[in-house]
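Here is the structure we will look at, set down as structure tokens.
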Amino acid sequence: MASVELLSTHGLSRQYGGLTAVDNVDFNFCQDRIQAIIGPNGAGKTTLVNLICGRVPPSSGSIIYKGKDISKLSSAKRVQSGIVYTFQVTSIFSNLSCYENVALSAQRSLKTQQGKWLMVSETVIEEQVFESLSRVGLQGKEYQTAGTLPYGHQKLLEVAMSLAADPELLILDEPTQGLAQSEIYNLIGLVRTISKSVNVLLIEHNMEVVFNLAEYVTVMDNGSIMTEGTPSEIENNHDVQVLYLGT
Amino acid sequence: MRRKSLKYALFMQGGVLLLLFLLQFFLPAYHHSSFSKIMILASYAIGYNFLLGYTGLMSLGHAMFFASGMYSAGLSIFYFGFTPLEGMIFGTLFTLTVSLIFGLFALRTKAVSFLIVTLMFGQTFYLAILYYNEFTYGQDGFSLTDYLGTLSILGKEYLYSDPAIRYNFALILLASYLLITTLIVLSPVGRILIAIRENEPRTQLLGYNVFSYKLFALTFSGTLAGISGAMHALLYSYIGTTFAEIHHSISPLLWTLLGGAGTIIGPLLGTGIMFYLIDFISGITSNYLLVVGVVLVLTIIWFPLGIMGTIRQKWLKWLP
Amino acid sequence: MVFLALLDGTVTAFVLALIALGLSLVFGVMRIVNVAHGEFFMLGAVLSWFAYHWTGDALWGFILALLVAPVIVGVIAVLSERYILRKVHYNPESTIVATIGILYVIQQLTLMLFGPEARPVEAPIYFRVVFPWFGYSGYKLLVAAMSGLCLCGVWILMKRSKLGLYMRATQQDHEIATTFGVPTKKIYASVFALGGGLAALAGVLVVPIRQADHLMGLEPLLLSFIVVIIGGLGSLRGTIIAAFLIGISDGIISVFYEPTLAKMLATLFVVMILIIKPGGLFGESPQ
Amino acid sequence: MNKKEEEKVDQQSELNLSRRTVLSTGAALAGAGIIGSQLIDPAAKTAYAAGSDEPIRIGFQAHRTGIGALYGRWYERTTNAAAKYINSIGGIAGRPIEIITEDDGTDPKRGADVVEKLATKHKVDFVYGTLFSHVVMGSAPRAGELKIPYFVVSEGYHVASGALNRYVFQPCITDVRSQITAVANWIFSNLGKNVALIYPDYAFGYDHRDYASAAAAKSGAKITAKIAIPPTASSFTRYFIQIPKNTDVIYHVMVGPGVLTFVREMGEHFGSVDVFEHYGSKHLKLFGFIDSLEGVNINSPGLEFLDGSHFWEAMPRYADGYPTAAEKFYRDTVGIDDSGASKSDSKDVAAYSHMFGCWETLFAIKEAVEQSGYKSKKDYQTLIETFEGFSGFNEGIAHPQGSKVFSGKTHQCYGQQFVSQVKNGKFNVVHRTSIADGMYEPETDYTKKSL
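So the protein lines, in turn, are chains A, B, C and D. Residues in the first sequence are numbered from 21 upward in steps of one, following the working numbering. Residues in the second sequence are numbered from 5 upward in steps of one, following the working numbering. Residues in the third sequence are numbered from 140 upward in steps of one, following the working numbering. Residues in the fourth sequence are numbered from 16 upward in steps of one, following the working numbering.
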């Protein structure tokens, strides 16, 4: 597979007070594959993706996306250019219906696509919403209030919102956290389908999921990249074993 | 769902408006004029609700917008000899500018700080009217009675203070506010505003420039308040600082909350109920504000969503 | 002129700090805005008039009011906390509306029982301090000193007592505090009572230099709002510094500009601080 | 004030307040259109003969709450006392008076609503009794629209300035402009020529600012400072600093709940008027409008420094200030003691320089109704035209404050004013102006406006 760089970071750092959460990271994401970032708690994974999608500004360093420096862009602008983030802890609009949740995401992407200045017709939005919801298996739940869904379904709703946003790079932050085993299997299938059309960056704790899905894995520890490689390389890497097993 | 909402809402509002239209032929003089007043004030509250109910921004300085529309329309008629229509247009544009500039500053703050900044700006505006009293006539205000002329409809001349003119102008204002806010609320833009109310950071991360949407909501809401103020000036021909005082900012908040924030028809209901409640109680005791206080406390404990909000939650899910 | 401006500004600042302190505590610990705070202040002043009237003696009336008014107001505060604020779950917006309701109720009941006029209360001691250029009320200086004492008292309470510890814990994180066994419900009630009591105390101290009337709560409410927000949410140190900043700048601006213009400028000054630093001077940024 | 000056003042304002002089003042006014010259004898009870039993309904717009509440209470007491008395002597044109009171919260918004409510719901014949000028400004357009006569007791210059409409009358209380014009020259020649003005930042205050300045310009006096106090102020010390050093007289007027604080802080700042040495070798003098102390006991703590200072009064608070039979009758009927406080509570001091306007206005309405033959609302035009034809009211029980000149053009009356000095814890009248002192050229002509 030809590895064309979609996104890369250069010397990216972020300090919180005296603490360095991300330390001079050069991270590359190549087109057309599922890539994963793993690492123990506090390794700086979430901070790294927060930097990438613009939720926190970097202390230093730059982020290049499709050849352009995006480190000064607002988070909204980054979403508009295709970097879509799916929250670790669900952050849906819990008082609104599933339909509204997804529609919010869909109408933005449709507007960007169609280059329209103000309005997108509701019919087009509706189509997109129904499609996204059925892709994650939430068809029939359109008018249920999102906050009343079971947790697993809320996670799926998050994914549906992200899909409706027409992502080019979809960042899934611990998508399986809090899910039952059967739900995890469904999710793996879903992500695999999604990845056919979208680049997926996976932040995950669950090794099973990672090795099942990822084509390339980056291991982070103490805010820096420890090692990178294919899943099998990583599986056999001694340092990673020490990191995870403590031996 | 949205289309169904829109259809039902328009039907319901149409019904309410038709009822109000017909009522003018039956109401006794006192209630006739009370209804005119309620409709004008309700339109102010509807504009307020656009900001509070649909965007989640609580302002305590809306009297500033009401007064800015009122004074700019009134002063331009008074000094520059504008016609009432020109005064209205000038008032609208002036308030639009004021609310836009105000928004650019105030929206840098959030939540309670926003509340305070709106309050302070409102207070400054009020003091400014007092300070430039040689121009604005200060606390006393001034009357437009001799400056408005008459309004010619179908070859007949009417005074702006004619009860029928007042009633129907107020009704037209109310109807257009209801229609336009319903359309916006149920449009994709309204969806985004509601999203901001529900979860602002998430809305930002869906790719929306939250600031500009909030600015739009504030400017729109302020302008609506300003148009109400200008209309009030024309129909009641009195302009004074009482409309710029903090009490006049709290009023739409109360009407909105009582009727149901985030419901289109709620502010109208809240304004009407509050008006008649005060009217009724002031006949019994001069301490009618005591009852207002009690009603507020009980409403917020028992109907935190307001009257229409509770009805929507319990029965009419489609209610916008 | 500047000297008088500074002196008057400083006295204003002390009083302001005392009134704002209660609001700041409630704000900080409970994360709610108490719009009825000014009415607690007003109640203190009105109760002080009753004490003065009942004892017929300025000094004894003052002492009686000093002891009783904060307690009565504290009880009223606890009752409204228990039966109203708790019922709306301290939701910020609901609380604002509920406390506006409480404001009207307290104000109108006072109007019914006390009447509409402003009534004077004699100062417990009265003397004029004569400077070479002008005279100044000695009691005002005394008020500043007593306010200062109260501020120190609260400071010590917060830093040294168990209640203070609990309050600070609740302020940091309400849920964690609960899991560590802090009785947060009781803390909320005590904080609200303390806030009301401090406002009433300020009312008792201030009333001899103005008069008691049922509308007197609004201005201190607005001012203490400003002070608390400028100081930064829940920062006691910020509140006190802001009180001085505002009291003294207001005093100085008043000397050089026409009174109404001065009020405008002082208000705009406050707005500008907030726009530049939305979190206040000493608050955590809201982001 | 030193002895010499005192004598001078006393000589100048030598008062001879015998009954005869008072009546002759009235007599001087006699001529065409002077009405109400007969003293009404309370004993002669006319039965409600000529008229029907249908009462004349007078809507009373009262400041029961809000900043005007103190005045409102006294206006209400005076109104009720006057109505009771008028009913006891046979009512108006044989019909009893009925007063319907509505609170306006001293707020123009609500004021306009109250006028409307009184007119359309209670269907009153007239609306009456408003004091605060912004409430009058807010309510008057509504009265004009509803075409209902609206009699105010406000002392604002709004009526005479022509800003209102033909339905609004101020028949029995002199407007501020005339009050100032009447006393200004006395101030300049007796107290000093360099005057600093302190007034509230209200229209009421602007009248003081404008007309005191105008009077100063005319008589060669100088206004050294104009200090407008914002309505939200609760502390005043800082504003006193702005008074420049070349000032001889502080001219002060204040309204609202802060009045006592205002006066007290003035005392703290300047010390007692006699001792004060700050402003060079001259003694700083104080001249106040009684509004600053309406309803306030002059013996309140902190006011000792006022001893020796002067005040304008419209009607002397202390009974010996203007001892006429009518004044005594009025005072007794309303229930005021000799020191201007309520007979039932000596701590309850009256708004004595304003409330007489309510009493007199009801009598003026009575005159107008009786002379015009007013029966019902369709007679408004005749009533208004009759009223505009009045040229004054004679002193008597109906007009205990003194005779009035009335101008049909301005819908405004002009009466005598008093200057009192504070001495031994009471007000002592030292000067009484003539009606002519307060006259000015009319600036408007309501009779030319449409009805």
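Note that the Cβ used here is the ideal one computed from N, Cα and C, for glycine as well.
Reducing DSSP to helix, strand and coil, say where residue i ends up.
| i | result |
| --- | --- |
| arginine 192 of chain D | helix |
| asparagine 193 of chain A | Strictly speaking, residue 193 of chain A in this sequence is aspartate, with asparagine absent from that position. Strand at aspartate 193 of chain A. |
| arginine 332 of chain D | coil |
| cysteine 289 of chain C | helix |
| tyrosine 90 of chain D | helix |
| threonine 289 of chain B | coil |
| tyrosine 222 of chain C | helix |
| proline 215 of chain D | strand |
| aspartate 289 of chain D | With a pLDDT of 43 at aspartate 289 of chain D, under the threshold of 50, the modelled position of that residue is not reliable, and no figure is offered here. |
| glycine 295 of chain D | Bear in mind that a pLDDT of 45 at glycine 295 of chain D, under 50, signals an unreliable position, so the model cannot answer this. |
| glutamate 113 of chain D | strand |
| asparagine 17 of chain D | Low per-residue confidence applies at asparagine 17 of chain D: pLDDT is 48, beneath 50, and the placement is therefore not dependable enough to give any value. |
| isoleucine 391 of chain C | helix |
| asparagine 312 of chain D | coil |
| aspartate 128 of chain D | helix |
| valine 109 of chain A | coil |
| leucine 64 of chain B | coil |
| serine 363 of chain C | helix |
| threonine 149 of chain B | coil |
Who does residue i pair with in a DSSP beta bridge?
| i | result |
| --- | --- |
| glutamine 350 of chain C | C:Pro259 |
| glycine 303 of chain D | D:His267, D:Phe326 |
| leucine 155 of chain B | B:Tyr162 |
List the residues of chain D whose Cβ lies closer than 9 Å to the Cβ of residue i, in chain order.
| i | result |
| --- | --- |
| alanine 132 of chain B | Chain D residues near alanine 132 of chain B: none, gap ~11 Å exceeds 9 Å. |
| glycine 145 of chain B | Pro123, His149, Met152, Gly153, Ala218 |
| alanine 67 of chain B | In chain order: nothing, as chain D lies at least about 11 Å away. |
| alanine 144 of chain C | Arg253, Ile256 |
Anything in chain B within Cβ reach of residue i, meaning under 8 Å, just list it in chain order.
| i | result |
| --- | --- |
| serine 233 of chain C | Ile304, Pro308 |
| isoleucine 414 of chain C | Phe109, Ala110, Arg112, Thr113, Val121 |
| threonine 149 of chain C | Residues of chain B passing the Cβ test: none, with the nearest at roughly 23 Å. |
With 16 other CB atoms within 10 Å as the buried threshold, where does residue i fall?
| i | result |
| --- | --- |
| lysine 463 of chain D | exposed |
| alanine 134 of chain D | buried |
| histidine 228 of chain C | exposed |
| valine 210 of chain C | exposed |
| isoleucine 365 of chain C | buried |
| valine 262 of chain A | exposed |
| cysteine 291 of chain C | exposed |
| serine 422 of chain D | buried |
| tyrosine 36 of chain A | exposed |
| leucine 39 of chain A | exposed |
| alanine 200 of chain A | exposed |
| glycine 159 of chain B | exposed |
Cβ-heavy atom distance between residue i and the ligand ZN below 8 Å?
| i | result |
| --- | --- |
| cysteine 289 of chain C | What this structure holds is no ligand at all, so the ligand ZN is not there to describe. |
Would you say residue i reaches chain G, if we count a Cβ-Cβ gap shorter than 9 Å as a contact?
| i | result |
| --- | --- |
| glutamine 257 of chain D | Of the chains in the structure shown, none is chain G; the protein chains are A, B, C and D. |
Which chain C residues are close to residue i, counting only those with a beta carbon under 7 Å from its beta carbon?
| i | result |
| --- | --- |
| threonine 128 of chain B | Met403, Thr406, Leu407 |
So which residues on chain C does residue i lean against when the C-beta distance must stay under 8 Å?
| i | result |
| --- | --- |
| threonine 300 of chain B | At residue 300 of chain B the sequence reads leucine, which differs from the threonine that was named. Those are Val236, Ala237, Ile239, Gly240, Tyr243, listed as they occur along chain C. |
Give me the chain A residues within the contact set of residue i, using Cβ-Cβ distance strictly less than 9 Å, ordered along the chain.
| i | result |
| --- | --- |
| isoleucine 105 of chain B | Ordered by position in chain A, no residue passes the 9 Å Cβ test against isoleucine 105 of chain B, which lies about 22 Å from the chain. |
List the residues of chain D that residue i touches, going by C-beta distances under 7 Å, in chain order.
| i | result |
| --- | --- |
| glycine 244 of chain B | Pro123, His149, Met152, Gly153 |
At least 3 beta-carbon pairs within less than 8 Å: the stretch 406-417 of chain C vs the stretch 101-118 of chain B: yes
The stretch 281-290 of chain C / the stretch 146-162 of chain C touching (three or more Cβ pairs under 8 Å): yes
Three-pair Cβ contact test at 8 Å for the stretch 62-73 of chain B versus the stretch 28-38 of chain B: Between the stretch 62-73 of chain B and the stretch 28-38 of chain B there are fewer than three C-beta pairs closer than 8 Å, too few to call the two in contact.
At least three beta-carbon pairs within less than 8 Å, the stretch 73-88 of chain D to the stretch 247-255 of chain C: yes
Sufficient close CB pairs (3 or more, under 8 Å) joining the stretch 215-228 of chain B to the stretch 57-64 of chain B: Yes, they touch.
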